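For the record, the sequence lines run as chains A and B. Quick note: the first sequence, position 60, residue 60 per my numbering, numbers continuous. Quick note: the second sequence, position 82, residue 474 per my numbering, numbers continuous. In what follows, a single structure is set out as structure tokens and then discussed.
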Amino acid sequence: MTISRRSLFGLLLQGIGVTLIVNQRVPVAQAAGEEPAWNESGPLTVRVTRPFDAETPVREFIPFLTPNHRFFVRSHFGPPPAEALSEANWTLRVGGLVERSHEFTLKDVRQMEAVTITAVVQCSGNGRAFHRPKVPGVQWERGAVGNAEWTGVRLRDLLAKAGVQTGARHVQFQGADRPVVASVPLFTRSIPLEKALHPDTILAYEMNGRPLPLLHGAPLRVITPGWMADSCTKWLTEITVQAEESKGYYMQTAYRVPTTHGEPGAPASGPSTPVEAMVVKSLIAAPQEGETVKSGPVTIQGMAWSGEAKVVKVDVSIDEGKTWESARLVGEDRPYAWRQWQLVWKAKTAGTFTILCRATDARGDQQPATTPWNPSGFLWNGWDRVTVTVAA
Amino acid sequence: MTNAGHCIVFLLIIGLVSLAVVTAAQEEDMATVSAALAPRAEGLIIARCSVCHSPDLIAQQRLPRSRWEATVEKMKHWGAEISDGEADLLVRYLSARYHPGAPDHLPPLDCDLRKAEPFTQEPVAEGPLTGVAARGAGIFENNCQGCHGTGATGGMGPKLAKNPILKHEDLFWETVLHGRGPMPAWGSVLSHQDIADIHAWLVTR
């Protein structure tokens, strides 16, 4: 049985509970989300219909693990044809500066030692919509992030089978996804060898105990715990060990931040560095924006994470940051996962209140009120902010 | 291009279409500009930009003209089939409608409420138009190939060579004019003669 890509895409969307308007002419402005659409009703808030980009509504972050069907989705070109990823057709080629080029089948990969790591995966542009002046790109708000259990093999075990040559400094990843127009650069990325050989850097084939879904990179996806998701290549088919960072747009131009903060609004110029580790960040998952709560004790809860250090403190403010009260860190405490937190707020007076939160990690890094502006709007970690009404 | 106290008439001749836009030199009324340019610009967005991404990606941006220019230039560089005149029109439209001061939620365009009509107003055909296959090849390449592949052998969109829809001309026309599923409507981009030419070429594949 053959299945067209269009019907496959339709099935995919149904699979994640998104209703696409089909067989109906969609005017530009409506397709552009300028009229009330599906945005707030489904398990995901759609930012771009094609290629499909969608974020998780923050209320869904109350559980420690983000369910697969609610996990944010981002790619540059959308999933490759399912046939290319089938067990019979898919292989992973490892080459470049290695002793023995190697081609792995999925069976080969599954026969290697499996490891499971709980890790936050976050889009580098998460929170881009909050930068001022506004910057181009998908206008992610708060939900291009999630916390999942990833099961797979250590990248270093795989590289050991091929034998890394001296002189190797970077490991390049190429997925099977392709642009519609061949002149668009491929999404080719690399990470430094040190990160590639880290025992926690894995190639995952399971997500939250289930086979990795197509939208999340099936059959195999790179997971670089603590680092932004631009390193977490989906639909992985090729690994190249090399002396240099990858060439091309997505490494040399995109996914970079200036090494020194420039004038807000000015185009990118001067030296820059690839987006790698996540910055310390926290979100308020409850109460929700615009919610009305009864006066009396109100449980404020959320999550906090940082790239390469443990979260040690989360503070909450009800007075625009004049005074802060420490929340209680609760639940699971795992190295690359987010940490849940709670604070019971005694809401005594009726009115409108803005709840702020900020996290601090073990290195002493603390969330700023707003993140320094950068031309691509990466690494937003300004205080999270939710406005609620207290009813008498 | 501004000259205080004077009005400037821009005459843009793009393909078969000519569009004249008069604006006051200073104080350009952005809403007026975007509305005036909308029919052609939206057609271009569907025909050129939507090959790779849905228009919602465009509509969520709020950028100054310089960044729209850079963005359109980047897309041209990456292979978007946009002539210099079309790029200029797009930049004018995008920076008038999606500028940094524009509200988050824009009202729908008036032209969305009308049914899109072909730009080239042709007399109602007395019967099916006669397509010219040789001409259709080029029109297909510029408009359809991005999704339907080289030689109509399929890509992100279905294979059209030997596709049964070619034998059902009413369904073919309906699909091209009004869109179907992920395929956008082409009624405001292609003339009836263009569509007939494409059809004539497709049946030879």
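All C-beta atoms, glycine included, are put in the ideal place defined by N, C-alpha and C. Being a predicted model, the structure only gives us computed values, none of them experimental.
Item to check | Pick from Gln174/A, Ile117/A and Leu215/A that is closest to histidine 198/A, judged by C-alpha positions | outcome: Ile117/A
Checklist entry - When DSSP labels each residue in this structure, what does threonine 253/A get in the three-state scheme? => result coil
Item to check | Whole-angstrom distance between glutamate 103/A and leucine 159/A, CA atom to CA atom | outcome: The C-alpha of glutamate 103/A is placed about 11 Å away from the C-alpha of leucine 159/A.
Checklist entry - Given a limit of 7 Å on CB to CB distance, which residues of the stretch 467–497 of chain B reach chain A? => result Listed by position along the chain: Trp470, Gly471, Pro492 and His497.
Item to check | serine 458/B (DSSP reduced to helix, strand or coil) | outcome: helix
Next on the checklist: Quick check: is the beta carbon of glycine 530/B nearer than 8 Å to any beta carbon in chain A?
Outcome noted: no
Checklist entry - Going by Cα to Cα distance, which pick from Gln174/A, Val181/A, Leu155/A and Thr259/A is closest to glutamate 276/A? => result Ranking Gln174/A, Val181/A, Leu155/A and Thr259/A by Cα distance to glutamate 276/A puts Thr259/A first.
Checklist entry - Quick one: what does DSSP say cysteine 536/B is sitting in, helix, strand or coil? => result coil
Next on the checklist: Beta carbons nearer than 9 Å to chain B: which residues of the stretch 167–188 of chain A have them?
Outcome noted: Answer in chain order: Pro179, Val180, Val181, Ala182, Ser183, Val184 and Pro185.
Next on the checklist: Taking the alpha helix (DSSP H) that glutamine 111/A belongs to, which residues open and close that run?
Outcome noted: It spans 106–111 - the alpha helix (DSSP H) in which glutamine 111/A sits, taken as one unbroken run.
Checklist entry - Going along the chain, which residues of its own chain have a beta-carbon closer than 6 Å to the beta-carbon of glutamate 99/A, five neighbours each way excluded? => result Gly163
Item to check | Within chain A, partners of threonine 463/B - CB distance below 8 Å | outcome: Close to threonine 463/B, with beta-carbon spacing below 8 Å, are these residues of chain A in chain order: Pro136.
Next on the checklist: Could you check whether the Cβ of cysteine 539/B sits closer than 8 Å to any Cβ belonging to chain A?
Outcome noted: yes
Next on the checklist: Is any non-hydrogen atom of the ligand COA found closer than 7 Å to the C-beta of arginine 110/A, if you look at the structure I gave you?
Outcome noted: This structure does not include the ligand COA; it has no bound ligands of any sort.
Checklist entry - Taking three-plus beta-carbon pairs below 8 Å as touching, is the stretch 212–232 of chain A in contact with the stretch 67–77 of chain A? => result yes
Next on the checklist: Which residue marks the beginning of the alpha helix (DSSP H) containing serine 487/B, and which one marks its end?
Outcome noted: Annotation for serine 487/B: the continuous alpha helix (DSSP H) segment containing it runs 476–489.
Item to check | glutamate 60/A versus valine 120/A - alpha carbon distance | outcome: 15 Å
Next on the checklist: I want to see whether chain A comes within less than 8 Å of glutamine 585/B, judged by CB atoms only; does it?
Outcome noted: no
Item to check | Buried/exposed call for histidine 76/A, threshold 16 Cβ in 10 Å | outcome: buried
Checklist entry - What residues from chain B crowd round valine 48/A, counting only those whose CB sits closer than 7 Å? => result His445, Ser446, Asp448 and Leu449
Checklist entry - Can you tell which of His261/A, Arg128/A, Gly167/A and Gln174/A has the C-alpha that lies nearest to the C-alpha of arginine 222/A? => result Sequence inspection shows valine at residue 222/A; the arginine mentioned does not correspond to that position. Checking every option, the nearest Cα to that of valine 222/A belongs to Gln174/A.
Checklist entry - Excluding five sequence neighbours on each side, which residues of the same chain lie with their C-beta closer than 6 Å to the C-beta of valine 298/A? => result Trp345 and Ala347
Item to check | Identity of the residue in Gln342/A, Pro372/A and Phe187/A nearest isoleucine 393/A by Cα | outcome: Any question about residue 393/A goes unanswered here, given that chain A covers just 1 to 392.
Checklist entry - What residue does the beta strand (DSSP E) around lysine 346/A start on, and which one ends it? => result 339–347
Checklist entry - Mapping DSSP to helix, strand and coil, what is cysteine 441/B? => result Under the three-state reduction of DSSP, cysteine 441/B is assigned to helix.
Next on the checklist: Cβ closer than 7 Å: which chain B residues qualify as neighbours of glutamine 252/A?
Outcome noted: Those do not exist, as glutamine 252/A stays about 14 Å from chain B at its closest Cβ, beyond 7 Å.
Checklist entry - If you run the structure through DSSP and keep just helix, strand and coil, what is lysine 554/B? => result Taken through DSSP and simplified to helix, strand or coil, lysine 554/B comes out as coil.
Checklist entry - Do the stretch 271–291 of chain A and the stretch 356–371 of chain A meet, that is, are 3 or more Cβ pairs less than 8 Å apart? => result Yes: at least three Cβ pairs fall under 8 Å.
Item to check | Residue burial classification, glutamine 122/A (beta-carbon count within 10 angstroms, cutoff 16) | outcome: buried
Item to check | At least 3 beta-carbon pairs within less than 8 Å: the stretch 128–144 of chain A vs the stretch 442–459 of chain B | outcome: yes
Item to check | Beta-carbon proximity list for valine 143/A, same chain, < 7 Å, skipping 5 on both sides | outcome: One detail in the question is off: residue 143/A reads as glycine in this sequence, not valine. Hits under 7 Å: Thr45, Glu55, Thr56, Pro57, Val58 and Phe72.
Item to check | Beta-carbon proximity of arginine 132/A to tryptophan 380/A, cut-off 8 Å | outcome: no
Checklist entry - When the distance is taken between beta carbons, is valine 293/A closer than 8 Å to valine 388/A? => result yes
Checklist entry - Going along chain B, which residues have a C-beta under 9 Å from proline 80/A? => result Within chain B, no residue comes near proline 80/A; the closest Cβ sits about 11 Å away, beyond 9 Å.
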